[in-house]
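S.K.: Numbering-wise, the numbering used here comes out as the position in the sequence shown, counting from 1, plus 252.
Positions of the beta carbon are idealized from the N, C-alpha and C atoms, including for glycine.
What follows is a single structure, and I will ask about it in a moment.
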Amino acid sequence: MRALVIQQIEQLDGVRFLCTSIFNENGEAIDELVTLYDGDSTAAILKAIEQKDVHGFETVPEYWSSNRELIATAISTVGVSPTFKSAKDTQATSRLVYDNAGILRELYGLSPQESAEEPQELAKWRRVVITVLESTANVCGRAANRLRN
Numbered sequence: 253m254r255a256l257v258i259q260q261i262e263q264l265d266g267v268r269f270l271c272t273s274i275f276n277e278n279g280e281a282i283d284e285l286v287t288l289y290d291g292d293s294t295a296a297i298l299k300a301i302e303q304k305d306v307h308g309f310e311t312v313p314e315y316w317s318s319n320r321e322l323i324a325t326a327i328s329t330v331g332v333s334p335t336f337k338s339a340k341d342t343q344a345t346s347r348l349v350y351d352n353a354g355i356l357r358e359l360y361g362l363s364p365q366e367s368a369e370e371p372q373e374l375a376k377w378r379r380v381v382i383t384v385l386e387s388t389a390n391v392c393g394r395a396a397n398r399l400r401n
């Protein structure tokens with residue numbers, strides 16, 4: 253098995269970070285890096301290639317990402333074997349930002365942004381369950397009123 257580098261661009265308080273998780277040939281996590289991302293995807297890919305020398309790998313590590321910008325650059329870079337993965341396969345990188353959010357905010361002088369997100373629409377099955385429960389409650393309420401009268 254080859255060594256593996258997983259890279260993603262994650263956001264915290266409106267600032268983009270390049271998150272890199274590195275695994276050795278045995279699949280063991282050996283390093284995690286979080287740096288500011290300045291929009292240079294070529295530099296990000298070169299950072300992944302650089303891990304061969306930093307960690308003493310025999311070959312350039314396999315490269316995974318679910319970010320289209322990084323994958324597009326990796327495809328055009330000689331020596332890199334990129335694989336486009338689902339967000340679920342690369343979720344280890346998003347954990348890096350959120351687990352270290354306090355440190356990153358302090359280090360880069362960020363302040364938490366207010367969540368101005370619109371409420372998400374409920375799934376259809378949840379709406380059906382709520383409708384059934386509300387109808388049942390109304391029927392029970394009417395039945396209770398009849399018994400009182």
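Quick one: give me the first and last residue of the alpha helix (DSSP H) that R400 is part of.
M.R.: It spans 376 to 400 - the alpha helix (DSSP H) in which R400 sits, taken as one unbroken run.
S.K.: If we count the other Cβ atoms within 10 Å of its Cβ and call it buried at 16 or more, is L399 buried or exposed?
M.R.: Exposed is the call here.
S.K.: Check T342 in the structure and name its three-state DSSP category.
M.R.: Looking at T342 - three-state DSSP - the assignment turns out to be coil, as it is neither helix nor strand.
S.K.: Would you kindly work out how many angstroms separate the C-alpha atoms of S333 and V381, rounded to a whole number?
M.R.: For S333 and V381, the distance between alpha carbons rounds to 47 Å.
S.K.: CB F275 to CB L256, shorter than 8 Å?
M.R.: It is a contact, given that the beta carbons lie within the stated cut-off.
S.K.: Using only CA atoms, which one of S318, G266, C392 lies nearest to T345?
M.R.: Looking at the Cα atoms, S318 is the closest of the given residues.
S.K.: So, using beta-carbon positions, are Q259 and A296 closer together than 8 Å?
M.R.: Taking 8 Å as the Cβ cut-off, Q259 and A296 qualify as a contacting pair.
S.K.: Quick check on this structure: which residue in N390, C271, R254 has the alpha carbon closest to the alpha carbon of D351?
M.R.: If we check each option's Cα against that of D351, C271 comes out closest.
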